[in-house]
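In full-length UniProt numbering, the protein residues as written are 1 to 121. In this text, a Cβ means the ideal position worked out from N, Cα and C, and glycines have one as well.
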């Protein structure tokens with residue numbers, strides 16, 4: 001006998017275009033478990049229920065009862081920050097000969113000072 005949960009699970013799985021195998025992989029369970037849930041022969045434990053709702057991007061209420069929530073949960077997507085976008089045009093300019101000279105001289109001078117200190121210690 002199909003329960004409301006079983007109907008909702010199948011509906012949301014199909015909306016996400018997931019096979020029973022694909023959904024089972026995301027939950028780290030067998031395809032047979034998904035099949036039993038959709039046929040109403042078994043029900044998931046609370047941990048799997050919460051994971052199901054997250055994977056299907058629905059609330060627990062929607063998944064279990066079929067009642068849509070007044071508050072929609074949206075999935076926050078984050079992309080890596082591109083620092084290059086925040087640089088000013090001046091900071092993107094190529095290095096001048098003076099910049100390169102400083103870049104080479106400073107480490108050489110620091111190395112020299114370090115060697116002198118080590119030698120006379």
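**Cβ shell of residue 37 (< 7 angstroms), same chain only, five flanking positions each side left out** = As a working mapping, residue 37 is identified with position 37 in the chain shown. Answer for residue 37: 6, 9, 43 and 44, listed in chain order.
**Prompt:** Is residue 54 helix, strand or coil when you go by DSSP?
**Reply:** Here residue 54 refers to the residue found at position 54 when the chain shown is read from its first residue. Here residue 54 sits in helix by DSSP.
**Asked** With a CB to CB cut of under 6 angstroms and the five nearest residues on each side skipped, what residues in its chain are close to residue 50?
**Response** Translated into positions along the chain shown, residue 50 becomes position 50. Contacts found: none.
**Request:** Report yes if the CB atom of residue 4 is closer than 8 angstroms to the CB atom of residue 65, and no otherwise.
**Result:** Here residue 4 refers to the residue found at position 4 when the chain shown is read from its first residue. Here residue 65 refers to the residue found at position 65 when the chain shown is read from its first residue. Cβ atoms of residue 4 and residue 65: closer than 8 angstroms.
**Prompt:** Would you say residue 18 and residue 52 are within 8 angstroms of each other, going by their C-beta atoms?
**Reply:** Position 18 of the chain shown holds residue 18. Position 52 of the chain shown holds residue 52. No, Cβ-Cβ distance for residue 18 and residue 52 is not below 8 angstroms.
**Request:** List the endpoints of the continuous alpha helix (DSSP H) containing residue 97.
**Result:** Taking the first residue of the chain shown as position 1, residue 97 is located at position 97. Its alpha helix (DSSP H) spans residues 97-119.
**Item:** Sequence ranges, alpha helix (DSSP H) only - wholly within the UniProt domain "HTH cro/C1-type" (9-63), length at least 4
**Value:** 20-27, 31-39 and 46-56
**Prompt:** CA-CA distance, residue 54 and residue 111?
**Reply:** Sequence index remark: in the chain shown, residue 54 carries index 54 (1-based). Sequence index remark: in the chain shown, residue 111 carries index 111 (1-based). Residue 54 and residue 111: Cα-Cα distance of roughly 56 angstroms.
**Request:** Can you say whether residue 114 is buried or exposed, counting buried as having 16 or more other CB atoms within 10 angstroms of its CB?
**Result:** As a working note, residue 114 is residue 114 in the chain shown. Its Cβ having fewer than 16 others within 10 Å, residue 114 is exposed.
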